[in-house]
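Q: Questions regarding the structure given below will be posed in turn.
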Amino acid sequence: MISMVASNWSMISLLQYVCGFLGCLCYSISVNWGNLGASVLIGEVLAVWPLISLSFVSGGGVFAGLKWLKTSDLPRVLWRPHTSVLYRLLHGEEALLVNKVVTYFEEYNEVNVKNFHLSQVRPSPRLNVFDTNDYELFMPEIPGSLQGSVSKENDAATEALTRYFRSELHRRKMVWRPLKEEQMFLDFWVNHGDNYEWVEPDQDPAEMAVLESMCVPTKE
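Start counting the sequence shown at 3; every next residue gets the next number (the working numbering).
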């Protein structure tokens, strides 16, 4: 569904550009048709036709270049290597939408090196449902045999969502882009901390404990 909507939107944008260009050309011809003779007008059009073709090609190149730049450096998803340029241009809107979905999942459901300091100081999210802007997206085929505590169920649901996202990204010729924080963390350990300077964290562990105690309801 996402692929169909995004592809249709890209085609509509391209058709709008082509129709606008042809409309301007037809309007200019219709305005000058009564003032000039047919042969003179046709001769003028043929004389400037190389310029018109060059303008059309350059405009299409600018349009394609802007769409390329819009999806070439997304923070959370990347195109797989050897994916054709035409496919990337036609599915650019789809890549933007998938990047938003993956970003929402990682910021609100998954615990990683970027948001681990918030994992214990806010309510547990609904891992099987995404709700934003008055829309709710449900994950299909949720396993019904999840047993154990709430934490184990959350971990299992997170793992199931991760597998689901990876399969969907693979089907759309995309890959998961590593977090910059994860790359920095790996580089820190590989280089034994060289060229790194320790700074105080954004949130003190003592403050985390206070916030966690405030979130836990008191028993009367």
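In this text, a Cβ means the ideal position worked out from N, Cα and C, and glycines have one as well.
Assign W81 to one of three DSSP states: helix, strand, or coil.
A: The answer is strand: DSSP assigns W81 an E or B state.
Q: In terms of residues, what are the limits of the alpha helix (DSSP H) holding V100?
A: Segment G94 to Y110, the alpha helix (DSSP H) holding V100.
Q: Residues in the same chain with beta-carbon distance under 6 Å from R90, minus the five sequence neighbours each way, listed in chain order, please.
A: W81
Q: I'd like the list of long-range same chain contacts for T73, defined as Cβ closer than 7 Å, with 5 residues on each side in sequence excluded.
A: R90, G94, A97 and L98
Q: From R124 to E108, what does the alpha carbon distance come to, in whole angstroms?
A: Low local confidence applies: a pLDDT of 46 at R124 is under 50, so the model's placement there is unreliable, and no value is given.
Q: CA-CA distance, H194 and M186?
A: Distance from the CA of H194 to the CA of M186, rounded to the nearest whole angstrom, comes to 12 Å.
Q: Among all the DSSP beta bridges, which residues are the ones paired with W178?
A: V79
Q: Are the CB atoms of V79 and W178 within a distance shorter than 8 Å?
A: yes
Q: Under the rule that 16 or more other beta-carbon atoms within 10 Å means buried, what is V100, buried or exposed?
A: Flag for V100 reads buried.
Q: Between D189 and A162, what straight-line distance do the alpha-carbon atoms span, to the nearest angstrom?
A: Approximately 29 Å between the Cα atoms of the pair.
Q: On the three-state DSSP scale, how would you describe E191?
A: One detail in the question is off: residue 191 reads as Trp in this sequence, not Glu. Helix, per DSSP.
Q: Exposed or buried, R174, counting other C-beta atoms within 10 Å across all chains shown (16 or more means buried)?
A: buried
Q: Select from Y106, K69 and L76 the residue whose C-alpha is nearest the C-alpha of L92.
A: K69
Q: Hey, T105 and P83 are a contact pair by Cβ (cut 8 Å); roughly how many whole angstroms apart?
A: With a Cβ gap of about 22 Å, T105 and P83 do not count as contacting.
Q: Under the rule that 16 or more other beta-carbon atoms within 10 Å means buried, what is L171, buried or exposed?
A: The residue is buried, with at least 16 neighbouring Cβ atoms inside 10 Å.
Q: Give the DSSP-derived three-state secondary structure of V201 in the structure shown.
A: coil
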